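Undergrad: This structure is in structure tokens; I'll ask about it shortly.
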Amino acid sequence: MPDVEVWWARVEQARPEFLTDLNDVERERYAAYRRDEDKARFLLGVTLVRRVLGARMSLAPAAVVLDRACADCGRPHGKVRAKDVELSVTHSGDWIGIAVGTAPVGLDVERIAPEHDLDGVARMSLTPEEHQVFEQYEGAARARAFATYWTRKEAVLKASGEGITGVQNVVVSGPEEPAAVIRWDRQAQLTDLTVDDGYAAALAVLSPEPPALHVHQFRV
Ligand SMILES: [Zn+2]
Numbered sequence: 019m020p021d022v023e024v025w026w027a028r029v030e031q032a033r034p035e036f037l038t039d040l041n042d043v044e045r046e047r048y049a050a051y052r053r054d055e056d057k058a059r060f061l062l063g064v065t066l067v068r069r070v071l072g073a074r075m076s077l078a079p080a081a082v083v084l085d086r087a088c089a090d091c092g093r094p095h096g097k098v099r100a101k102d103v104e105l106s107v108t109h110s111g112d113w114i115g116i117a118v119g120t121a122p123v124g125l126d127v128e129r130i131a132p133e134h135d136l137d138g139v140a141r142m143s144l145t146p147e148e149h150q151v152f153e154q155y156e157g158a159a160r161a162r163a164f165a166t167y168w169t170r171k172e173a174v175l176k177a178s179g180e181g182i183t184g185v186q187n188v189v190v191s192g193p194e195e196p197a198a199v200i201r202w203d204r205q206a207q208l209t210d211l212t213v214d215d216g217y218a219a220a221l222a223v224l225s226p227e228p229p230a231l232h233v234h235q236f237r238v
């Protein structure tokens, strides 16, 4: 049975002293962000990854070796990876989350956005059978339904590494049903996670059996 830890933090929890957890490349990237909110989000994300992995590996956060080599160009702006663990990082609005697992994991959080026009993005990202269910929702329930679909699908595609290009290949259960992969060419365990009222979140684990799941709130 795979083992998965999920950690949630709010952007406002970022502190300047977390910079000591970062390496030189990360500090350069931090300095290059122009908006304070982007700085805080990046800093907190790196700190979370380094502290959680450090605790698992009995290392100081700054001593954890992370690999961000881009699959296309080799520069350090790719998905973050570490030796011997599977990792997924997500952020939206006020929240940042990471999942660390012994099997491939995908974590996704999305702010529910009733102000957005969802018609175009729903047609692009939902399969015909999902879209048919989605079309029954209106108003605030429609925004929540879309966020539920999106996070479930995105979590699966993050776990497999195929990204958004695979969005039409995976069919997930409807918003009012328990989270599950209905049709896909691989086996995945899907779980909805509760962050707060304004957000939807889901975790996917590529495994034939459900993971032992441990969810934590980051405390400074
Ligand atoms: Zn690149």
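One point on numbering: in this note's numbering, the residue at position 89 of the sequence shown is 107, and numbering is uninterrupted. Glycine residues also receive a C-beta, built at the ideal position from the N, C-alpha and C atoms. Note that the structure is predicted; figures quoted are calculated from it, not measured.
In its own chain, which residues sit with a C-beta less than 6 Å from the C-beta of P226, not counting the 5 before and 5 after it?
TA: The residue given as residue 226 occupies position 208 in the sequence shown. Same-chain partners within the cutoff: Q205.
Undergrad: What is the DSSP secondary structure of W168, reduced to helix, strand or coil?
TA: Taking the sequence shown and counting its residues from 1, one reaches residue 168 at position 150. Of the three classes helix, strand and coil, the one that applies to W168 here is helix, per DSSP.
Undergrad: How is the beta strand (DSSP E) around R58 delimited, first residue to last?
TA: Along the sequence shown, read from residue 1 onward, the residue named residue 58 stands at position 40. Before going further, note that residue 58 is Ala rather than Arg in the sequence given. That residue, A58, is in no beta strand (DSSP E); its alpha helix (DSSP H) goes D54 to M75.
Undergrad: For A161, I'd like the list of residues in its chain whose CB is within less than 8 Å of its CB, leaving aside the five on either flank, ordered along the chain.
TA: Position 143 of the sequence shown, counted from the start, is the residue given in the question as residue 161. These residues qualify, in order along the chain: I130, A131, P132, H134 and L136.
Undergrad: Thinking V14 and K101 are a contact (beta carbons under 8 Å), I'd like their distance in whole angstroms, please.
TA: In the structure as shown, the chain starts at 19 and stops at 238, and residue 14 therefore has no counterpart that could be examined.
Undergrad: According to the Cβ coordinates, are V202 and V213 closer than 8 Å?
TA: Stepping through the sequence shown from its first residue, residue 202 is reached at position 184. Stepping through the sequence shown from its first residue, residue 213 is reached at position 195. According to the sequence as given, residue 202 is Trp; it is not Val. W202 places its beta carbon 8 Å or farther from that of V213.
Undergrad: Where do the N-terminal and C-terminal ends of the alpha helix (DSSP H) with A49 fall, by residue?
TA: Numbered from its first residue, the sequence shown carries residue 49 at position 31. D42 to A50 is the extent of the alpha helix (DSSP H) around A49.
Undergrad: Given this structure, state the Cα-to-Cα distance separating Y155 from H95, to the nearest angstrom.
TA: Working through the sequence shown from its first residue, we reach residue 155 at position 137. Working through the sequence shown from its first residue, we reach residue 95 at position 77. C-alpha separation (whole angstroms): 38 Å.
Undergrad: Who sits around ligand 1, taking every residue whose Cβ is closer than 6 Å to one of its heavy atoms?
TA: C88, D90, C91, R93 and H95
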